[in-house]
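Right, one structure below, let's go through it.
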Amino acid sequence: MLNQDFDIESLSQNLAGISNENQQLIKDVQNILRNEFVDEDGLIKLCQQGFTNQTNRLRGIAWRLLLGYFPLNKKYWTQVIIKNKDNYNNIKIENIKKAPPQKKNDHPLSRNTDSDWNNHFQDQQLWSKIQKDVIRTRVKELGKEEYREMLTRILFLCCKLNKMDYVQGMNEFAALILYVCMSDPNEKLQNESDAFYCFMILMTSLKNNFQLQKEKVRTFQDLLKKVDWKLHDHLVSQKMDFSILYVKWFMILFAQDFHIDDSLRIWDCLFCQKNNREEFLFCLAVSFLIQLREDLIVGDFGQILLILQNLEKQDINLSEVIQRAQLLQKEQKKC
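The sequence shown begins at 490 in our numbering and counts up one residue at a time.
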């Protein structure tokens, strides 16, 4: 199948107002995407600083490649989209159903595991549980009813197909992916099915992410102590519970408490970490604390907590945070 739906050349159109550095980044990524086979290492090298508002036109294709949704052979991209649209439509038909018809041996009060009515009510409970989170998820960006319905369907179907319960935090992951898909400048990439499958891929890699793992909290704390023992000791003296940060940063992957542009840029960097995502998360978390050091080092427990729970309101240079994290990651590999 021809790849007629992907106009790579349009990526470098309308560059007015974009810095020379970002124009060059767009053109460099464009050159990689022109090839029949995408150079994944080259793409990662270009994307590892994340995309800004001037370069976010690259994010949709980059995420699909970095997550493994798109094969590196570009000629199959259209085929992947068409096939998965059909598959997704079938999944919706099979799993999102109205109340079942009356049967002789089944009724609405049945609690048998093979009862259509029992399964229907369980589905309704799951749908309702998801909806409660969806209505307050990224309201500014995904507040339209059609987006809320998409987000609810994606989460519901993910839980159904994986036979798993819905957990808070999944909504934040799905919301970022849906936002990237639906805001893509290429209309052919604006579809719910791509968002669903990209979310499924991500959830497969994060299946143990929604459990508090004390040994990882300790690893995070030890790294901070190694990098900045004074800041570490001050936080400990103020009875700072590092597991709070683990939940908000590691479990949720910085998808919450940040402006959406910052969360997306952090995810750009995370997706570039093919085999070292967890290692980079530790370094990124420490880098954020160092960025806020001036205020944290003089704060009491209440002030520290207020700062760390309102990161969107803090004066943070995200480029500095990312660069420091990547430098720290390199230094740790030398040890």
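Built from N, CA and C at the ideal position, the CB exists for glycine as well. Quick caveat: nothing in here was measured; it's all calculated off a predicted structure.
Let me check understanding here. Comparing Cα to Cα, which of the options lies closest to residue i?
| i | options | result |
| --- | --- | --- |
| leucine 781 | Cys761, Gly791, Asn806, Asp757 | Asn806 |
| threonine 708 | Lys621, Lys618, Phe769, Asp750 | Phe769 |
| tyrosine 668 | Asn651, Lys652, Ile643, Met653 | Ile643 |
| methionine 653 | Asp622, Leu504, Lys696 | Lys696 |
| arginine 553 | Val527, Asp575, Asn578 | Val527 |
| glutamine 519 | Ile497, Leu817, Gly658 | Ile497 |
| phenylalanine 662 | Ala774, Ile570, Trp756 | Trp756 |
| phenylalanine 546 | Ser501, Lys737, Gly531, Ser726 | Sequence inspection shows arginine at residue 546; the phenylalanine mentioned does not correspond to that position. Ranking Ser501, Lys737, Gly531, Ser726 by Cα distance to arginine 546 puts Ser501 first. |
| leucine 701 | Leu734, Val787, Met729 | Leu734 |
| aspartate 657 | Gly632, Asn675, Asp622, Asp673 | The residue asked about is misnamed: residue 657 is glutamine in this sequence, not aspartate. Cα-wise, what sits closest to glutamine 657 is Asp622. |
| asparagine 503 | Pro674, Trp718, Asn765, Cys758 | Pro674 |
| phenylalanine 495 | Arg766, Ser508, Lys563 | Lys563 |
| glutamate 828 | Asp789, Pro560, Gly632 | Residue 828 falls outside the range modelled here, since the chain spans only 490 to 824, and no answer is possible. |
Please state whether DSSP places residue i in a helix, a strand or coil.
| i | result |
| --- | --- |
| phenylalanine 526 | strand |
| asparagine 545 | helix |
| asparagine 562 | strand |
| tyrosine 686 | helix |
| arginine 637 | helix |
| alanine 814 | helix |
| tyrosine 655 | coil |
| aspartate 612 | helix |
| alanine 663 | helix |
| lysine 587 | coil |
What residues in its chain sit with their C-beta under 6 angstroms from that of residue i, if we drop five residues either side in the sequence?
| i | result |
| --- | --- |
| threonine 626 | Asn660, Ala664 |
| lysine 618 | Tyr655 |
| glutamine 710 | Phe731 |
| isoleucine 666 | Ala684, Cys687, Phe688 |
| methionine 490 | Here methionine 490 scores only 38 on pLDDT, less than 50, and its place in the model is too uncertain to base an answer on. |
| glutamate 891 | The structure shown does not extend to residue 891, since the chain is modelled only from 490 to 824, so the question has no answer here. |
Could you give the C-beta distance for residue i and residue j, rounded to a whole number, given that I count them as a contact under 8 angstroms?
| i | j | result |
| --- | --- | --- |
| cysteine 761 | isoleucine 533 | 5 angstroms |
| glutamine 798 | aspartate 746 | 7 angstroms |
| isoleucine 690 | glycine 557 | 6 angstroms |
| glutamine 679 | methionine 671 | 5 angstroms |
Start and end of the alpha helix (DSSP H) containing residue i?
| i | result |
| --- | --- |
| lysine 574 | 566-584 |
| glutamate 768 | 766-780 |
| valine 716 | 703-716 |
| phenylalanine 731 | 731-734 |
| glutamine 792 | 790-797 |
| isoleucine 755 | 749-761 |
Ignore the nearest five residues each way along the sequence and tell me which others in residue i's own chain have a CB closer than 8 angstroms to its CB.
| i | result |
| --- | --- |
| arginine 754 | Gly539, Phe540, Thr541, Leu807, Ile811 |
| aspartate 517 | Leu535 |
Ordered along the chain, which non-local residues of its own chain (more than five positions away) have a Cβ less than 7 angstroms from that of residue i?
| i | result |
| --- | --- |
| threonine 544 | Asn511, Leu514, Ile515 |
| leucine 615 | Phe645, Cys648, Tyr655 |
| arginine 813 | Ser776, Ile779 |
Taking CB distances under 8 angstroms as the criterion, tell me whether residue i reaches chain D.
| i | result |
| --- | --- |
| leucine 504 | Annotation note: the requested chain D is absent from the structure, which comprises a single protein chain. |
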